[in-house]
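See below for the structure under consideration.
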Amino acid sequence: MNIEQLLKNAIKEAFKTVFQLEISDFTLQSPNKGFEGTHTFLTFPYTKTTAQPPEKVGEMIGEHLKNSPQSIIQQYNVTKGFLNVSLKDSIWIEFLQHASTEDTWHHFAPQNQRIMVEFSSPNTNKPLHLGHLRNIFLGDSLSKILTAVGYEVIKANLVNDRGIHICKSMVAYKNYGKGETPQDASIKGDKWVGSYYVRFEKEFKKGNLPKDKLLSALEKIIEQSPKNDYSLETLQDTLKETLQTHTPLWQEAQEMLQKWEQNDPETVALWKQMNQWVYEGFDKTYQSINIAFDKTYYESNTYLLGKDIVEEGLQKKVFFKKEDGSVWADLTPEKLDQKLVLRKDGTSVYITQDLGTADLKYNDFNIQKSVYVVGDEQEYHFKVLFAILKQLGRPYAEGLHHLSYGMVDLPSGKMKSREGTVVDADDLIEEMIQIAQQRTEESGMAKLNEIDEQELQKIYHQIGVGALKYFLLKVEPRKRMLFNPENSIDFEGDASPFVQYNYARTQAIIRKAKELNINYAEKIEKKQLEKAEQHLIQTIYQYKETLEKAAQQYAPSFIVQYVYDLARAYSRFFTECAIFKANTEEDTKFRITLTEQTGKILKRALQLLGIEAPERM
RNA sequence: GGUCUCGUAGCUCAGCUGGAUAGAGCAACUGCCUUCUAAGCAGUAGGUCUUUGGUUCGAAUCCAAACGGGAUCACCA
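So the working numbering is basically just the index in the first sequence, starting at one, shifted up by 62.
Take a look at the structure:
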């Protein structure tokens, strides 16, 4: 049942009858605040074809709509080129009746397509922070949205478990760790390993080059500067990098990496041990925010992939070899540059590995689509990656998408691990739960007095984590967003506790209805709707199209906006319309039915965001 | 420097496939709990939609330029 389509058809029919005009498809809008109606039709585009001023067109169409035999229009009004129509209440009541008997009204047919959503993808040298949370919540929510519209979704995590970063932690642990374990120190494994990464950075800073070597290093840098960019910042960065490579500690890390690549048993054992600690820590974090993956890839298994694709690309003449033997992709037709895919010594680069991994994913799961949830600093990389895969004629190439998102900033600017300004994920989650508890104790304990302690803890957790997820999903992904640790994340207004609160209200009503043995699941006898009722039903109705839009555009933020709208519509209904003390029994039953449906959709929409809905709060 | 991206109320954000009087929340102010959950509801106040030009009957929205933030342009990942 598609109400918009009904109205559109009626309008098209009206044009045919009134003006003998076949009009092409158009979109309906919502009336602005202060204008009566449920839908708005714009008549501006038809002034020429009808040879009438916009007002006149509106009047004539409106009049026809209203007076046609099977009219679905209650009333209409015209201002300028805006024809605002109000659908008959019976349309909305019929919809609610349908929704309450057909639980599947918002379901989608299976797409018969598999889609992989890759997200989280942490490095194993430090704990998860606020930025990761934005990534994780986006990926998780998107997975749920895509599942809801009928895709078979595979949630994948590609862990960066190898490379120089983890070797740094290993070196530091070897030198200063004294064989201690995180268990000994009662520290979460990822925090433990992270502390050695920090230790490495600290120690190696002490071992700078003597000053006489600075000058020659500097000259070398200027010679090699690829972009002739002599800004102070660039020089400093490059200088630091050059100096790093001369410190003993750095060289130790390099050796460690080489040993690892040569499969040195002792090194591999240490590497496994440290990663294991990290995974144990990550698992705790994932658990606390209710995140799970269907598949975990490890770069230690994938970093050598892709070389055969380079070979294939050469044969297909997608790639070409330079004189020095390095292999390149020419993406100038795509307005991208040339891109190295294999070094002259035959070793691979980052993108080589990603080419291989793309094939691996396809072969493992036969996916038609693949979404990468990765920060916006890698936009160029993914443009290049996708362009190459397209040139190679991969069957999945059209279904590739980079869900790019901006960084989470602090009032002081960027989060920087070196300066210790990173907001730790576990700390933040813990803080959110505590605030939830504090809020509950301040305002709502009376409602919760018969609930046991364990259940209470669960509720605090749902509220705290929910508020965090909502906060991070609310903002459009491509925008940078601000987190101010001074003011805690909202628990009021446009925030998840408000939505959860309204869900809890719906459940309180349902409980009471059952207590009073009200049989509300009968045919609805209601004829006329209050404004708040009408608006609430209309908002429920919009769930399906919102979900579809969110899936099409990979945009969980649409669901956030929607769920807030729905909660607000319910809140208004709740205060304006008495349920158990309504004027008639029909009203009571109707309002309970409406409450039940609202509750279902609130819960469902929250679920799409990975947010749980407490039965009471 | 080239490319991409963002700039909307004091603050955080919606709105951007062109349409009416640009919306929420927070913060401020005013009402409303003997009545189903006040984490609420109703209201007041708050705006040169960064600027300038263009397209159009009509621009926060599209185009161009400027200014300001950010990213990227590695044989790093």
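All C-beta atoms, glycine included, are put in the ideal place defined by N, C-alpha and C.
Asked	Found
Can you name, in chain order, every residue of its own chain whose Cβ lies under 7 Å from the Cβ of residue 384, other than the five neighbours on each side?	390
Would you say residue 233 and residue 318 are within 7 Å of each other, going by their C-beta atoms?	yes
Between the Cα of residue 210 and those of 117, 677, 653, 672, spot the shortest distance and give me the residue it belongs to.	672
Going by DSSP in three states, residue 103 sits in which element: helix, strand or coil?	strand
Say whether the segment 461–478 touches the segment 314–333, bearing in mind that this needs 3 or more beta-carbon pairs closer than 8 Å, one atom from each stretch.	no
From which residue to which residue does the beta strand (DSSP E) around residue 391 run?	389–392
By DSSP, does residue 241 sit in helix, in strand, or in coil?	coil
Exposed or buried, which one is residue 226 when buried takes at least 16 other CB atoms within 10 Å?	exposed
Distance check for residue 567 and residue 575, CA to CA, integer angstroms please.	12 Å
Which residues does DSSP list as the beta-bridge partners of residue 180?	218, 434
Taking only runs of the beta strand (DSSP E) that begin and end inside the segment 126–207, which ones reach a length of at least 3 residues, in chain order?	135–141, 144–149, 176–180
Return the bridge partner residues of residue 514 from the DSSP annotation.	Its beta-bridge partners do not exist; DSSP assigns none.
Going along the chain, which residues of its own chain have a beta-carbon closer than 7 Å to the beta-carbon of residue 142, five neighbours each way excluded?	116, 117
Given residue 290, which residues of its chain have a CB within under 8 Å of its CB, disregarding the five upstream and five downstream residues?	For residue 290, the pLDDT reaches just 49, beneath the cut-off of 50, and the residue's location in the model is therefore unreliable, leaving the point undetermined.
Should residue 120 go down as buried or exposed, given a rule of 16 or more other Cβ atoms within 10 Å for buried?	buried
Just to confirm my understanding: we take residue 564, look at its own chain, exclude 5 residues before and 5 after, and list those with CB closer than 6 Å. What are they?	629, 632, 633
Considering just the uninterrupted stretch of the beta strand (DSSP E) at residue 108, what are its terminal residues?	Premise fails: residue 108 is in no beta strand (DSSP E) and is neither H nor E.
Nearest-angstrom Cα distance between residue 381 and residue 402?	9 Å
Between residue 239 and the rest of its own chain, which residues show a CB-CB distance below 7 Å, the 5 nearest in sequence each way excluded?	258
Would residue 613 and residue 207 be called neighbours here (beta carbons separated by less than 7 Å)?	yes
Determine the closest residue to residue 254 out of 331, 343, 223, with distance taken between C-alpha atoms.	343
Please go through the segment 339–386 and give each complete beta strand (DSSP E) segment of 3 or more residues, from N-terminal end onward.	357–360, 381–383
From which residue to which residue does the alpha helix (DSSP H) around residue 466 run?	Per DSSP, residue 466 belongs to no alpha helix (DSSP H); it is in the beta strand (DSSP E), 462–467.
Please report the straight-line C-alpha distance between residue 73 and residue 136, rounded to a whole angstrom.	14 Å
Taking just the CA atoms, how far does residue 545 sit from residue 572?	38 Å
For residue 588, count neighbouring Cβ atoms within 10 angstroms of its own Cβ and tell me buried if that reaches 16, exposed if not.	buried
Which first and last residues belong to the alpha helix (DSSP H) in which residue 440 is found?	Looking at the DSSP string, residue 440 is not in any alpha helix (DSSP H), and its letter there is neither H nor E.
Using a Cβ-Cβ cut-off of 7 Å (strictly less than) and excluding sequence neighbours within five positions of residue 662, which residues of its own chain qualify?	none
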